[in-house]
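Number of protein chains: 2
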Amino acid sequence: MSNNTKTKRDELRQRLIDAAEDEIARLGMVGLKARSVTQTAGCALGALYNVVTDLDGLIILVNSRTIKRLSDKLDEAGRTAKTPEGALKALATAYVQFALSERNLWFAAFNHRLPDGQDLPDWHQAEYLALITHLTHPLGALLPGLSTETLALRAQTLFASVHGVVQLSLNGQFAGAPREVLQDEVQALVEALSLGLRSS
Amino acid sequence: MSNNTKTKRDELRQRLIDAAEDEIARLGMVGLKARSVTQTAGCALGALYNVVTDLDGLIILVNSRTIKRLSDKLDEAGRTAKTPEGALKALATAYVQFALSERNLWFAAFNHRLPDGQDLPDWHQAEYLALITHLTHPLGALLPGLSTETLALRAQTLFASVHGVVQLSLNGQFAGAPREVLQDEVQALVEALSLGLRSS
DNA sequence: CTTGAGTTATGAACGACGTTCAAGAATCAT
DNA sequence: ATGATTCTTGAACGTCGTTCATAACTCAAG
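Taken in order, these protein sequences are the chains called A and B.
This note's numbering numbers the first residue of the first sequence as 26 and each following residue consecutively.
This note's numbering numbers the first residue of the second sequence as 26 and each following residue consecutively.
Structure (structure tokens):
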């Protein structure tokens, strides 16, 4: 394969990711169709499968972008805070804001499921883990003396609990905090958890 | 419509729910197919649409059963505890156990999404809300003096945070507590939250 | 029992989907 | 300029949810 065709493929892959990202953002994950995405990317239907394994593979590439963007927001939020608890609150706020403003992409990133037996590629799993790492530092300052492993576990749990509140609120027609008080509820959650974790 | 045909329809509806429940339990929500479910229920393909609006409608009926079963488990767990905090922990434990033992049905109940613009029927939304009500009593005992509305909100948030930890652990190939320590992490979460909520 | 109008059940047919692959177009070394 | 090789294309396939013309059935009236 010549160098020229390789860069052409890369360009097409980028165009496909662009188109897929747009389609998911507008219509959600189920709105992503092979025929439509290839048309707006300006290629043949079959070309999709030269450049990407699957529609699932394309979703993964979009999700990778989303996670990267979310990671940047968290980075920014984490830097501005003074106290560890303030940092955790700022991170939660940023997370909620991201989920609210990029609902469909956020949803795709956290709810895309591969067919049974298939696993996410390692490089992509690592991106999710890196996301949670943003919590490790402030949480470690709040809870000194924890082993690295327990700290990592607690960071995952903290992340997951905030994520759960956002998910049930945005998703759920049933239950879940109404959208107007979502930020408040998440703040209360982080505050109570910070307090409780420190004194337990 | 004679009475006879009405009960025949009801019987068929039950058989379809049975078949759908089995199929979802074995293969997950995406494994539910109109052709297969009607075949094991012993009826024609089109009969599905006489008895139920949609495949989505069938999923809702299965989810209703699942929520009812989960509600029973929570009832049981809530009754055995002495202290409010003990009750919350027992409820969380029961929830985790249910999710672990009925993964696919649990997943369907909390991740089924109707097409854009459609809402869950009111009677079904009420079932989800009733589920969360199990937390209200012990939480109210733990946090006296809260208004009914804030108490309901806190109960939803507590529910959602536990749910989030379970979801990310079971779902996520990326991140989320590994399954062996899930119960421990959820216990730690409930403990910290109880402590933190009380003293805030 | 017979009739026929009204009701219910059936499954072939439809359109949309993801994916494949034979055939054509483009590229490149000679 | 030519043949070999690589890449691209979109028609075709199988599967899906859903519909609807038609067949089968039900039942009151004669």
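Just so you know, even glycine gets a beta-carbon here, dropped at the ideal spot from N, CA and C.
For clarity, every value in this text was computed on a predicted model and none was experimentally measured.
CB contact flag (residue i, residue j, <8 Å)
i	j	result
residue 77/A	residue 104/A	no
residue 168/B	residue 222/B	yes
residue 210/A	residue 182/B	yes
residue 219/B	residue 99/B	no
residue 80/B	residue 57/B	yes
residue 44/B	residue 66/B	yes
residue 214/B	residue 186/B	yes
residue 83/A	residue 145/A	no
residue 54/B	residue 137/B	yes
residue 184/A	residue 160/A	yes
residue 156/A	residue 92/A	yes
residue 206/A	residue 178/B	yes
Nonlocal neighbours in the same chain, by C-beta distance under 7 Å from residue i, ignoring five residues either side
i	result
residue 208/A	118, 121
residue 149/B	85, 89
residue 115/B	102, 103, 105, 106
residue 124/B	131, 191, 195
residue 68/A	37
residue 173/B	none
residue 129/A	49, 50, 53
residue 143/B	none
residue 61/A	48
Where residue i meets chain B, residues with beta-carbon distance less than 9 Å
i	result
residue 126/A	Per Cβ cutoff of 9 Å: no residues; residue 126/A is ~18 Å from chain B at best.
Contact set for residue i: own chain, Cβ-Cβ below 6 Å, skip 5 residues either direction
i	result
residue 63/A	70, 73
residue 127/B	none
Spatial neighbours of residue i in its chain, beta-carbon cut-off 8 Å, leaving aside the 5 residues before and after
i	result
residue 212/B	114, 117, 118
residue 216/B	110, 114
residue 204/B	125, 194, 195
residue 171/B	165, 179
residue 34/B	75, 76
Interface residues of chain A facing residue i [CB-CB closer than 9 Å]
i	result
residue 206/B	178
Residue i Cβ short of 7 Å to the ligand ATP heavy atom set
i	result
residue 93/B	This structure lacks the ligand ATP, and indeed carries no ligand of any kind.
> Would you say the region 91 to 111 of chain A touches the region 147 to 167 of chain A, given that touching needs at least three Cβ pairs under 8 Å?
Replying inline: Verdict: yes, contact present.
>> Which residues of the region 176 to 201 of chain B have a Cβ closer than 9 Å to any Cβ of chain A? Give them in chain order.
In response: For the region 176 to 201 of chain B, which is checked against every Cβ of chain A, the residues closer than 9 Å are 178, 179, 181, 182, 183, 184, 185, 186, 187, 188, 189, 190, 191, 192, 193, 194, 196, 197, 198, 199, 200, 201.
> Would you say the region 49 to 58 of chain A touches the region 130 to 149 of chain A, given that touching needs at least three Cβ pairs under 8 Å?
Replying inline: yes
> Looking at chain B, which residues of the region 210 to 224 of chain A have a Cβ within less than 9 Å of any of its Cβ atoms?
Replying inline: 210, 211, 213, 214, 216, 217, 218, 219, 220, 221, 222, 223, 224
> What residues in the region 85 to 110 of chain A bring their beta carbon closer than 8 Å to a beta carbon of chain B?
Replying inline: none
> Which of the residues in the region 112 to 123 of chain B, read from start to end, lie with their CB under 8 Å from any CB of chain A?
Replying inline: none
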